[in-house]
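Engineer: Taken in order, these protein sequences are the chains called U and C.
Numbering of the first sequence is given in the working numbering, commencing with residue 1 and proceeding in unit increments.
Numbering of the second sequence is given in the working numbering, commencing with residue 1001 and proceeding in unit increments.
Below: one structure in structure tokens.
Protein chains: 2
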Amino acid sequence: MCADSDVCGDTRQRVLQAAGEIFAEKGYGKATIREIVERAGANVNAVNYYFRGKRELYVALFEDAHKETTQEDEREFKRIRALPNDQQLHGFVKHLLKAFIHKEERAWHSQLMLRELIEPTAMLEFMIARVVRPRFAELVMIIRQLVNSNTSDLRIRLCAESILAQCVHMIHGRTIVSKLIPELEYTLGGVEMMAKHITQFSLAALQNLESDDE
Amino acid sequence: MCADSDVCGDTRQRVLQAAGEIFAEKGYGKATIREIVERAGANVNAVNYYFRGKRELYVALFEDAHKETTQEDEREFKRIRALPNDQQLHGFVKHLLKAFIHKEERAWHSQLMLRELIEPTAMLEFMIARVVRPRFAELVMIIRQLVNSNTSDLRIRLCAESILAQCVHMIHGRTIVSKLIPELEYTLGGVEMMAKHITQFSLAALQNLESDDE
DNA sequence: GATTTATTGAAACATATGTTTAATATCTTC
DNA sequence: GAAGATATTAAACATATGTTTCAATAAATC
């Protein structure tokens, strides 16, 4: 047996790749081992041989995806922090949106994360701790620089949710969005347009927030 | 055989109720006929006897839910149109949010609709046409009264999506939202707070929109 | 009240799917 | 090149689940 990726034949890798795509496409429940191994050009047994089972394959995959996602997040966040205040939000929104429009081979990393929000498995807690919370914290930091200094923390977190909501909705609700706004294509250009609108809408909101007493 | 609800024994009705709850809870795929009939106190055969199959049961249920939803929408929209301009948005947001916090017996009507957005079945098209589009149109009307008269239609529709996004996110992302903002309880009081924030945030955005030329 | 129809119940059937087994092939190492 | 470890394959197994069958029972009709 071999656990490391480079040592053994590429069957393990092909299964990982195929599983990533299919889990991202259909979710854990609807993905079947037989479809995965077929796409990987491997035998049904391959999943159990290399990963001990469907669930363990999913966990392995998820940890891969999480690692790549957090690395990319950290890299991007560093870059964004160096931007002028009023451009940071745009950078953040664009970063979130772009992850989902990647070329197919890579796209499943992000889609897998998003799926977890839709139909949670046992990995949800892990993901909230490692991906969602850091992103949320970063967004809160960006917002804090844009609003009145006496704005309460609760208010800022609510605004953060409002902005996240718009990003998530564009991806996850794409079927509906593209029917209601056919002008929005799900390409790199379309994403620019989405990011521009979300940023503009949210900046306008933040700059116009009423004071916190009520 | 009997198709009307009042004529035959109440088995058919009990199955409908149980199915509504379970489909809303778990989605079409994960709901099983055996669990449905068990909760309804009926035999496995009941589903096939009264509805010809699982899918047909789902369709029947969905049409029921849709009818009730659209009726309630129309009633509420009429009421909201009578409000002053600046209160209409708040009324609309509150209406959307409240539907999901109903007492359990009724909640599945709305939850079933929301599920369709998450894991679409063949009913998605039907639902977009009958529920989503009318709601979207209503929201667009409300927004149009609040912005500069030369604001483009595309811009207005983008804003409508931004507002819908926030509403949907509060319901559909409740697991995460309540972790990031523990102050937000999913009770009637909590919903008031959500509605207040979403309205305030969005009104601020709309009032501050830049002009459309670019 | 007998006959027909509608409803219910238990079991069987067919299929899909995760998992295991055991045989075969391939590779490594001495 | 032989022996043992590693990898692959095909088949079988176990379970879950939608569906069907058919007999038993209840309800309706005449």
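No residue lacks a Cβ here, since even glycine has one placed at the ideal position from N, Cα and C.
Can you name, in chain order, every residue of its own chain whose Cβ lies under 6 Å from the Cβ of U/N85, other than the five neighbours on each side?
Structural biologist: The residues are Q145.
Engineer: Taking only beta-carbon atoms, is U/S268 less than 7 Å away from chain C?
Structural biologist: Nothing about residue 268 of chain U can be reported from this structure: the residues present for chain U run from 1 to 214 only.
Engineer: Determine the DSSP secondary structure at U/F201, reduced to helix, strand or coil.
Structural biologist: Residue state, collapsed to three classes: helix.
Engineer: Specify the secondary structure class of C/M975 as computed by DSSP and reduced to three states.
Structural biologist: No answer is possible for residue 975 of chain C: the residues shown for chain C start at 1001 and end at 1214.
Engineer: If you run the structure through DSSP and keep just helix, strand and coil, what is C/M1193?
Structural biologist: Three-state result, C/M1193: helix.
Engineer: When burial is assigned at 16 or more other CB atoms within 10 Å of the CB, is C/I1206 buried or exposed?
Structural biologist: The amino acid occupying residue 1206 of chain C in the given sequence is Leu; Ile does not appear at that position. Answer is buried; the Cβ neighbour count reaches 16.
Engineer: Would you tell me roughly how many angstroms separate the C-alpha atoms of U/N43 and U/L61, rounded to the nearest one?
Structural biologist: So the two alpha carbons sit approximately 19 Å from each other.
Engineer: Per DSSP, what kind of secondary structure is C/V1037 in: helix, strand or coil?
Structural biologist: Of the three classes helix, strand and coil, the one that applies to C/V1037 here is helix, per DSSP.
Engineer: Ignore the nearest five residues each way along the sequence and tell me which others in C/I1142's own chain have a CB closer than 7 Å to its CB.
Structural biologist: So the list reads Q1088, L1089 and F1092, once near-sequence residues are dropped.
Engineer: Please list, in chain order, the chain C residues whose beta carbon lies closer than 7 Å to that of U/R157.
Structural biologist: L1180 and I1181, listed in chain order.
Engineer: Can you find a C-beta in chain C that's less than 7 Å from the C-beta of U/F51?
Structural biologist: With 7 Å as the cut-off, U/F51 does not count as an interface residue toward chain C.
Engineer: Between the alpha carbons of U/T69 and U/R174, how many angstroms are there, rounded?
Structural biologist: Taking the straight line joining both Cα atoms gives about 21 Å.
Engineer: Can you grab the Cα-Cα spacing for the pair C/A1046 / C/G1027, in whole Å?
Structural biologist: Cα to Cα, the separation comes out at about 20 Å.
Engineer: What three-state label does DSSP hand U/D73 in the structure shown?
Structural biologist: Helix at U/D73.
Engineer: Residues of chain C with a CB under 7 Å from the CB of U/F77: which are they?
Structural biologist: Going along chain C, no residue has its Cβ under 7 Å from U/F77, so there is no contact; the nearest lies around 17 Å.
Engineer: May I have the straight-line CA-CA distance separating U/V177 from U/R34, to the nearest angstrom?
Structural biologist: The alpha-carbon atoms of U/V177 and U/R34 are separated by roughly 33 Å.
Engineer: Around the Cβ of U/T199, are there at least 16 other Cβ atoms within 10 angstroms (buried) or fewer (exposed)?
Structural biologist: Its Cβ being crowded by 16 or more others within 10 Å, U/T199 is buried.
Engineer: Taking all protein chains shown into account, decide if C/L1112 is buried (16 or more other Cβ within 10 angstroms of its Cβ) or exposed.
Structural biologist: So C/L1112 ends up on the buried side.
Engineer: Pick helix, strand or coil for U/N85, following the three-state DSSP scheme.
Structural biologist: Looking at U/N85 - three-state DSSP - the assignment turns out to be helix.
Engineer: Give the straight-line distance between the Cα atoms of U/E72 and U/L96, rounded to the nearest whole angstrom.
Structural biologist: Approximately 11 Å, taken between the alpha carbons.
Engineer: Give the DSSP-derived three-state secondary structure of C/Q1013 in the structure shown.
Structural biologist: Helix, per DSSP.
Engineer: Given a cut-off of 7 Å on the beta-carbon distance, is the pair C/K1094 and C/A1195 in contact?
Structural biologist: Yes; because the gap between Cβ atoms is below 7 Å, this pair is in contact.
Engineer: Measure from the C-beta of U/D213 to each C-beta in chain C and report whether the shortest distance is under 7 Å.
Structural biologist: In this predicted model, U/D213 has a pLDDT of only 49, less than 50, meaning its place in the structure is not dependable enough to derive any value.
Engineer: What residue range does the alpha helix (DSSP H) around C/I1181 cover?
Structural biologist: Where C/I1181 is concerned, there is no enclosing alpha helix (DSSP H), given that its DSSP letter is neither H nor E.
Engineer: Closest Cβ-Cβ distance between U/L16 and chain C: below 7 Å?
Structural biologist: So no, U/L16 is outside the interface.
Engineer: For the alpha helix (DSSP H) holding C/V1047, just list the boundary residues, first then last.
Structural biologist: Segment N1045 to F1051, the alpha helix (DSSP H) holding C/V1047.
Engineer: Going by beta carbon distance, what residues of the same chain come within less than 8 Å of U/M123, once the five residues before and after it are set aside?
Structural biologist: Result list for U/M123: Y58, V59, F62 and E116, in chain order.
Engineer: What is the DSSP secondary structure of C/I1101, counted as helix, strand or coil?
Structural biologist: Coil at C/I1101, not helix or strand.
Engineer: Inspect the CB distances between the segment 182-194 of chain U and the segment 1178-1192 of chain C and report whether three or more fall short of 8 Å.
Structural biologist: In short, these stretches do not touch, since the Cβ pair count stays below three.
Engineer: When DSSP labels each residue in this structure, what does C/A1024 get in the three-state scheme?
Structural biologist: In this structure, C/A1024 counts as helix in the three-state DSSP scheme.
Engineer: Listed from N- to C-terminal order along the chain, which residues in the segment 1199-1210 of chain C have their beta-carbon within a distance smaller than 9 Å of any beta-carbon of chain U?
Structural biologist: Going along the segment 1199-1210 of chain C in chain order, one finds Q1200, F1201, S1202, L1203, A1204, A1205, L1206, Q1207, N1208, L1209 and E1210 with a Cβ nearer than 9 Å to chain U.
Engineer: Give the residues of chain U in contact with C/T1175, contact being defined as C-beta atoms less than 9 Å apart.
Structural biologist: Per Cβ cutoff of 9 Å: L117, P120, L124 and I128.
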